[in-house]
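First residue of the sequence shown? That's 0 in numbering that gives the first Met the number 0, and the numbers climb one at a time after it.
Report on one structure; see the data block that follows.
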Amino acid sequence: MKEIGFPSGVLPTGELVECGRVRATGFVWWKCKAAYEHFSVPSNSKTGYAAETTAYVEKGRMKKMTGVKTKQAFVWIPVAEMCIDGNKITFKTSVGVGKSFPLVSFMNEEEKKAYQYS
């Protein structure tokens with residue numbers, strides 16, 4: 000994910016079984032042993048990943064995502080796109096409604112250090 004500009008904290012961290020990328024089309028996939036949920040402190044919401052997650056990627060953008068959802072209030076909402084603009088990352092639904100957060104909120108300590116000195 001580093002190659003396309005995304006911090007490690009935006010991807011599922013469950014038991015990864017398989018992942019791949021078709022460079023010609025930008026298609027990527029992650030397969031885990033089981034669906035995975037975690038509470039995201041930066042977004043103050045629960046995020047869920049299906050056992051298989053897919054997207055089309057380009058530098059700083061993931062679109063046509065499947066298998067990712069976020070819980071807002073009492074409703075699960077599918078995430079269809081993630082994009083990075085400067086120091087912000089925006090998560091969007093399929094109807095274009097989105098929410099932005101500081102990019103560093105999704106970085107591990109090593110990524111934060113590298114980001115500070117770039």
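All residues carry an ideal CB built from backbone N, CA and C; glycine is no exception.
- For Ala50, the enclosing beta strand (DSSP E) stretches over residues Ser44 to Glu57.
- Rounded to the nearest whole angstrom, the C-alpha separation of Lys30 and Gln115 is 32 Å.
- Residues Trp29 and Cys31 of the same chain have their beta carbon placed closer than 7 Å to that of Leu15, with the five preceding and five following residues left out of the count.
- When Cβ pairs closer than 8 Å are counted between the two stretches, the region 43-50 is seen to touch the region 61-73, the count reaching three or more.
- Taken atom to atom, the span from the alpha-carbon of Ser44 to that of Val9 is near 13 Å.
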